[in-house]
Amino acid sequence: MRLQPSHNSDLDQATLVSDSKSDFARDFHSYSNPHQIRVNHVELELEVVFSERVLKGVAVLSFERLSLDRNCSLILDTRDLNVIKVEGSTDGLTYFATSFSLGSRDPILGSSLTIQIMDNCSYIRIEYSTHPNASALQWLDPAQTAGKIQPFMFTQSQPIHARSWIPLQDSPQVRITYNAKIRTPQNLLALMSAENQANEPGDGNYNFQMEQPVPSYLMALAVGDLAFRPLGGRTGVYAEKPVIEKAWLEFADTEKMMEVAEQLYGPYSWGRYDLLVLPPSFPWGGMENPRLTFITPTALAGDKSLVALVAHELAHSWSGNLVTNATWRDFWLNEGVTVYVERRILEEVYGREREEMEALLASENLEKILPGLEEQDRIMHIDLKGRDPDEGITRIPYDKGALFLRYLEETFGRDLFDRFLRDYFTHFAFQSITTADFINYLKENLLGKNPGLASLESVLEWIYGSGIPLNAPQPKSDAFKRVEVQADQWLQGTTPASKLETASWTTHEWLHFLRCLPQPLDVEKMLELDEAFHLTQSDNAEIAHQWLLMAIRNNYRQAYPRVEEFLLSTGRRKLISPLYQELVKTPEGKRKGIAIYSQARPTYHPVAVTTIDNILDWNGKIS
Ligand code: BES
Ligand code: ZN
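Whatever position you read off the sequence shown (first residue = 1), add 734 for our numbering.
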């Protein structure tokens, strides 16, 4: 495979220029001007008002000036914020009125907030409230929770939603420490991605402190009727009371995962590592909020088979939270490196066989989705300029990124590569870096020191080329080969479904089995599988998802009520959007999809709503 000529100029620039001034380091998804004035600390005081679905309060921003220009303004990112008052201060004690202007609203970026900064001013105090439809926030009625009695709210700041609940420089290049005072109704627990300062649960007043500088996309808050159970010395799980026992059993290996990650990549930098199981409308599998990973309840399979999610979010404690992508263009530095680290953790805790099954499922999926992606979307260094990053992000930065790191591991050998990666995390700790920074570090510390093993050209092909290079590693799984033999025997009619040897199959083997069946598949064949294995009723979210996808594709009507139930009970985008995509392929399916969605839409998170609106052409329909 050859590099696309149009990317050659990118490539030359990227290797020549590795500094914060290059166009590659520009964050096209922020209005802010951190190269002139840089916010370094935020003090929040917010009240959580469920009845109005808003947060109300004050943010005090401390900053330093990097520009000598005395007339420089501070430019912040906001989205749909109601800015009530802006004041400045030289000492953080006495405040004076300051003029500000809110720019026009861009559908992707929101509005800039430009604040006049007077001489010697080092603090800005902003009084504001959020909009009931703030893109980072989801407000759940009691009916949408497991407990059914109390409401619930949570934030999802990544990639550019922090600005919809805090006015700040919403760029991953800007790191801040923060303190927060959060007020909630009584008897609800507030949690943040920070240190919880011995609060009295129940009185509605909570204090948090984050001493390590973090990018804004890692700021997080959740409020609900939550219980806690320790998992180990530094680990524990929060969940709604009806879910806590199941979550505690499922995530029992978390402390072990931390230990192996530390052995591989150095000390964990964030103190505690807790998990928070969200209600089912959480749009992602997981979110690596520091000290407190947010996780989907669809991970609770009952047999630890979906805990790769935990390994993944934990891995972000090194790749992403410690060493952060400077722009969303460099997203593979967060996600690709994380998927690689996730697999290393899985291998240590559950063995190579399990790890290889996960790796193979991912690379098979990657091969499958590639043809459907535009040429420029098959590049790891994704171009998101002018695009909504929530919509532009694909599996490429994840799975191609992970394959690239595995390619380096296989080329240089584990010992060398492990040392390299460990040193990389130490070298760039608490910094935000571009792809060019990574390449320069790689050149100096791996390629240069071990000449003759991998050429710079092949590295650049991985990063800037479109598609999967020919030297890509191939995960191998004997377990999957055995599954394929069974599948063949069933398809050829030599073994009926009821006689297949599936007793020892894990979720991964089931997924591989279902995915390797030919499409279309006769309804009788679907029925035979269902009668033997009750797949329509599977409460493993990944297996159910795969099966229901096939049910729609093959007109297997017996499963339709379950399709509806599934779409009404989970809001995880990855699990629901392929089902809607499959439904819209026929007029009857589309009608069905719209009928289900009109009921489900009010329960989905804004991120999922945007995606499903597009799939169903929802614009203009009444919600
Ligand atoms: N940081 C991501 C989630 C994310 C990415 C949110 C981009 C918003 C924008 C998280 O670490 C992640 O990758 N989650 C995956 C699960 C993982 C096991 C691949 C997900 O949610 O599917
Ligand atoms: Zn991730």
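Here a beta-carbon is modelled for each residue, glycine too, at the ideal position from N, C-alpha and C.
Assuming residue i contacts residue j under a Cβ cut-off of 8 Å, what Cβ separation, rounded to an integer in Å, is found between them?
i     : j     : result
M926  : L955  : 5 Å
N764  : Q903  : The question names Asn, yet the displayed sequence has Ser at residue 764. 7 Å between Cβ atoms; contact.
Y1002 : M992  : 6 Å
L1040 : T1241 : 7 Å
L1358 : L1095 : In the structure as shown, the chain starts at 735 and stops at 1357, and residue 1358 therefore has no counterpart that could be examined.
F1146 : V1057 : Wrong, their Cβ atoms sit about 19 Å apart, outside the cutoff.
W1062 : P893  : 5 Å
F762  : W873  : Actually they are not in contact, since the Cβ atoms of F762 and W873 sit about 30 Å apart, beyond 8 Å.
L1283 : P1254 : The pair is not a contact, with the Cβ atoms about 12 Å apart (cut-off 8 Å).
F1172 : L1067 : 6 Å
Y1141 : A1206 : 6 Å
I1197 : T1169 : 6 Å
G1135 : E1069 : 6 Å
Quick one, which of the options has its alpha-carbon nearest residue i's?
i     : options                    : result
N867  : K1259, I883, N1289, V1341  : V1341
I1346 : Q1223, R1156, E1125, E1101 : E1125
A1231 : A1237, G1120, A1266, D937  : A1266
L965  : A981, Q1110, E1101, P976   : A981
V1083 : S905, E1022, E996          : E996
V1193 : S1272, G1005, L1137        : L1137
P935  : L922, S1097, T969          : L922
P906  : L871, P976, S846, G1054    : G1054
I1113 : S1211, G1199, I771         : G1199
Y1290 : E1258, I1277, K1177        : E1258
S1015 : F1028, G1005, E1022        : F1028
F1154 : L871, Y1314, G1000         : G1000
H1046 : V1075, T918, I860, L780    : V1075
L1301 : L1317, R1287, Q1292        : L1317
G938  : Q1280, Q931, I916, Y951    : I916
A1216 : I1197, E1243, F1172        : At residue 1216 the sequence reads Arg, which differs from the Ala that was named. Among I1197, E1243, F1172, the Cα nearest to that of R1216 belongs to E1243.
T864  : T889, Y940, I858           : T889
P1024 : A877, Q1253, R1077, T969   : T969
P1358 : S1051, G1070, Y972, V994   : The displayed coordinates of the chain run from 735 to 1357. Any statement about residue 1358 would go beyond what the structure contains.
A870  : T1128, L1187, M1021        : M1021
E1238 : G967, D1037, E779          : Before going on, a small fix: residue 1238 reads as Ser here, not Glu. Among G967, D1037, E779, the Cα nearest to that of S1238 belongs to D1037.
F834  : C806, E1178, Q1226, G1201  : C806
G1106 : V1219, R1129, H1115        : R1129
S891  : H1339, Q943, I1349, D1133  : H1339
P1131 : R859, Q878, G1201, S1332   : G1201
Run through the DSSP bridge pairs and tell me what residue i is partnered with.
i     : result
N941  : K915
W732  : Only positions 735 to 1357 of the chain appear in the structure, and residue 732 is not among them; the question remains open.
S823  : Y857
F888  : Q872, A956
Q850  : S807
H775  : S796, T911
V782  : L789
F1267 : For F1267, which the question treats as bridged, DSSP gives no partner whatsoever.
P949  : R909
D1008 : G970, L1026
L836  : L847
E929  : Q943
Y862  : G791, V817
P964  : G970
L1350 : Note: L1350 sits in no beta bridge, so no partner.
A924  : V957
A759  : BP columns for A759 are empty, so no partner.
A831  : E821
L902  : D811
With a threshold of 7 Å between beta carbons, is residue i in contact with chain B?
i    : result
V977 : No chain B appears in the structure shown, which is made up of a single protein chain.
Can you find a heavy atom of ligand 3 that lies under 6 Å from the Cβ of residue i?
i     : result
E1069 : With respect to small molecules bound, the structure shown includes ligand 1 and ligand 2 and not ligand 3.
**Prompt:** On the three-pair Cβ rule with 8 Å, is the segment 823-832 touching the segment 853-865?
**Reply:** yes
**Asked** Where are the alpha helix (DSSP H) runs, 4 residues long or more, that stay fully inside the segment 1181-1240, in chain order?
**Response** Correct list: 1190-1198, 1212-1225.
**Prompt:** Does the pairing of the segment 774-790 with the segment 900-920 give three or more beta-carbon distances under 8 Å?
**Reply:** Enough Cβ pairs lie closer than 8 Å, so yes.
**Item:** Segment contact flag, the segment 896-903 with the segment 802-811, C-beta cutoff 8 Å, min 3 pairs
**Value:** yes
**Asked** Do the segment 969-989 and the segment 1006-1015 touch if we need at least three Cβ pairs shorter than 8 Å?
**Response** Yes, they touch.
**Message:** Within 8 Å, do at least three Cβ pairs link the segment 1202-1215 to the segment 1074-1090?
**Reply:** The segment 1074-1090 makes contact with the segment 1202-1215; the number of CB pairs closer than 8 Å reaches 3 or more.
**Asked** In chain order, which continuous runs of the alpha helix (DSSP H) of length 4 or greater are located wholly inside the segment 1043-1088?
**Response** Inside the segment 1043-1088, DSSP marks whole alpha helix (DSSP H) runs of 4 or more residues at positions 1065-1084, from first to last along the chain.
**Request:** Return the chain-ordered ranges of every beta strand (DSSP E) run that is complete within the segment 786-815 and spans a minimum of 3 residues.
**Result:** 788-799, 807-812
**Prompt:** Can you find at least 3 beta carbon pairs, one from the segment 1029-1044 and one from the segment 1302-1316, that sit closer than 8 Å?
**Reply:** yes
**Message:** For the structure I just gave you, are there three or more beta carbon pairs, one from the segment 877-888 and one from the segment 835-850, closer than 8 Å?
**Reply:** no
**Item:** Those runs of the beta strand (DSSP E) which lie wholly inside the segment 1013-1045 and span at least 3 residues
**Value:** DSSP assignment within the segment 1013-1045 yields the following whole beta strand (DSSP E) runs of 3 residues or more, N-terminal first: 1026-1029.
**Message:** Quick check on the DSSP output: what are the complete beta strand (DSSP E) runs of length 3 or more inside the segment 1083-1171, in order along the chain?
**Reply:** 1165-1167
**Item:** Entirely enclosed alpha helix (DSSP H) segments - the segment 1307-1336, minimum 4 residues
**Value:** 1307-1317, 1321-1334
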